[in-house]
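Asker:
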Amino acid sequence: MITNRQGALLASIIENFIRTAEPVSSKLLEKSGFFGLSSATIRSEMNDLEELGFLAHLYTSSGRIPTDMAYRYYVDNIVSEKQEMKNEKQEKEIKTAIVGAGDDPREINRIVAQTLSDLSENLVITNIIDEDEFFKVGLSSLFEMPEFREFDRMFRLTSFFDEFDSLFNQIEKEFFIDDIKVFIGRENPVRNIRDETIMFARYNLPQNLTGSLTLVGPTRMDYAKNLGLIKYVTHELNKLSKTV
Numbered sequence: 081m082i083t084n085r086q087g088a089l090l091a092s093i094i095e096n097f098i099r100t101a102e103p104v105s106s107k108l109l110e111k112s113g114f115f116g117l118s119s120a121t122i123r124s125e126m127n128d129l130e131e132l133g134f135l136a137h138l139y140t141s142s143g144r145i146p147t148d149m150a151y152r153y154y155v156d157n158i159v160s161e162k163q164e165m166k167n168e169k170q171e172k173e174i175k176t177a178i179v180g181a182g183d184d185p186r187e188i189n190r191i192v193a194q195t196l197s198d199l200s201e202n203l204v205i206t207n208i209i210d211e212d213e214f215f216k217v218g219l220s221s222l223f224e225m226p227e228f229r230e231f232d233r234m235f236r237l238t239s240f241f242d243e244f245d246s247l248f249n250q251i252e253k254e255f256f257i258d259d260i261k262v263f264i265g266r267e268n269p270v271r272n273i274r275d276e277t278i279m280f281a282r283y284n285l286p287q288n289l290t291g292s293l294t295l296v297g298p299t300r301m302d303y304a305k306n307l308g309l310i311k312y313v314t315h316e317l318n319k320l321s322k323t324v
């Protein structure tokens, strides 16, 4: 187990990396005033975190990047304590979009996919469970990210996008349950995209239907923001289904 200071340091490294996509150095953290510690002390703590498997060292840089293990710690311990990021402007946009869709389950799914993809800048797929109509939005947004400059990675993501309709039948019963499921990197049950993070959720729709939501992005995604968005969307949809 890591110390509280190491946990705070890890969170700072992850949040810097999420923002910049650049390896994080001890000098950068010292300049930010992290705990008032010297660069040497921070570097020592970073070395310990690397030995524990939370950080990786790129040979092209003196900085460190988070591993899948680091992101898992962050989601389970840091994000859960923050209770996800709340943004009133984004929540209002979601609520307005859902209300504007009326009580048509398919229109709701279309609007949810578009709105959530716009806000998260990730790939979002929605559908009605036991039906074959999928709304997929945001693939082009992912291709603008530095992670997808690699052709092989871009190809794997495109294959996942194209094959998701048939794949859904294999994963629906296991992963689309009441709680939001988060699979990070190598945890991912979908082999084609084991360099990415995938989130699964389900929700109620009018006409006694059940919807599913899949969000896909790089492991360097904004977990607090995305989990907050998904929780708010599913809460609003579950509330709506009780009134129509």
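Heads up, the sequence shown is in my numbering, so the first residue is 81 and it goes up one at a time.
Here a beta-carbon is modelled for each residue, glycine too, at the ideal position from N, C-alpha and C.
The beta strand (DSSP E) with residue 97 in it runs from where to where?
Answerer: Counting from one through the sequence shown, the residue named residue 97 turns up at place 17. Run containing residue 97: none in the beta strand (DSSP E); it sits in the alpha helix (DSSP H), 84-100.
Asker: Alpha carbon to alpha carbon, how far is residue 136 from residue 225?
Answerer: Looking up residue 136 in the sequence shown gives position 56. Looking up residue 225 in the sequence shown gives position 145. Taking the straight line from one Cα to the other gives about 20 Å.
Asker: Got a sec, what are the start and stop residues for the alpha helix (DSSP H) residue 119 sits in?
Answerer: If you number the sequence shown from 1, residue 119 lands on position 39. Element bounds for residue 119: 119-131.
Asker: Could you compute how far the alpha carbon of residue 326 sits from the alpha carbon of residue 207?
Answerer: The structure shown does not extend to residue 326, since the chain is modelled only from 81 to 324, so the question has no answer here.
Asker: Pick out whichever of 158, 186, 160 and 195 has its Cα sitting closest to the Cα of residue 176.
Answerer: Taking the first residue of the sequence shown as 1, we reach residue 176 at position 96. If we check each option's Cα against that of residue 176, 195 comes out closest.
Asker: With a 10 Å radius around its C-beta and 16 neighbouring C-beta atoms as the bar for buried, classify residue 326 as buried or exposed.
Answerer: Because the chain spans 81 through 324 in this model, residue 326 falls outside it and cannot be assessed.
Asker: Quick one, are the C-beta atoms of residue 297 and residue 189 less than 7 Å apart?
Answerer: Against the sequence shown, residue 297 aligns to sequence position 217. Against the sequence shown, residue 189 aligns to sequence position 109. No, the Cβ-Cβ distance between residue 297 and residue 189 is not below 7 Å.
Asker: Mark residue 287 as exposed unless 16 or more other C-beta atoms lie within 10 angstroms of its C-beta, in which case mark it buried.
Answerer: Position 207 of the sequence shown, counted from the start, is the residue given in the question as residue 287. The residue is exposed, with fewer than 16 neighbouring Cβ atoms inside 10 Å.
Asker: Reducing DSSP to helix, strand and coil, say where residue 285 ends up.
Answerer: As a working note, residue 285 is residue 205 in the sequence shown. DSSP places residue 285 in strand when its eight states are reduced to three.
Asker: If you follow the beta strand (DSSP E) that residue 299 is in, where does it begin and where does it stop?
Answerer: Position 219 of the sequence shown holds residue 299. Run containing residue 299: none; DSSP gives neither H nor E here.
Asker: Can you name, in chain order, every residue of its own chain whose Cβ lies under 8 Å from the Cβ of residue 130, other than the five neighbours on each side?
Answerer: By 1-based counting over the sequence shown, the position of residue 130 is 50. Closer than 8 Å at Cβ, skipping near neighbours: 136, 137 and 144.
Asker: With distance defined between alpha-carbon atoms, name the residue in 154, 178, 245 and 108 nearest to residue 263.
Answerer: Here residue 263 is taken as the residue at index 183 of the sequence shown, counted from 1. For the residues 154, 178, 245 and 108, the minimum Cα distance to residue 263 belongs to 154.
Asker: For residue 102 and residue 320, I'd like the C-alpha separation in whole angstroms.
Answerer: Stepping through the sequence shown from its first residue, residue 102 is reached at position 22. Stepping through the sequence shown from its first residue, residue 320 is reached at position 240. Near 41 Å, if we compare the C-alpha coordinates of residue 320 and residue 102.
Asker: Assuming residue 106 contacts residue 82 (C-beta within less than 8 Å), just tell me the rounded distance between them.
Answerer: Counting from one through the sequence shown, the residue named residue 106 turns up at place 26. Counting from one through the sequence shown, the residue named residue 82 turns up at place 2. Incorrect: roughly 17 Å between the Cβ atoms, too far for contact.
Asker: What is the DSSP secondary structure of residue 270, reduced to helix, strand or coil?
Answerer: Position 190 of the sequence shown, counted from the first residue, corresponds to residue 270. Three-state DSSP puts residue 270 in coil, outside helix and strand.
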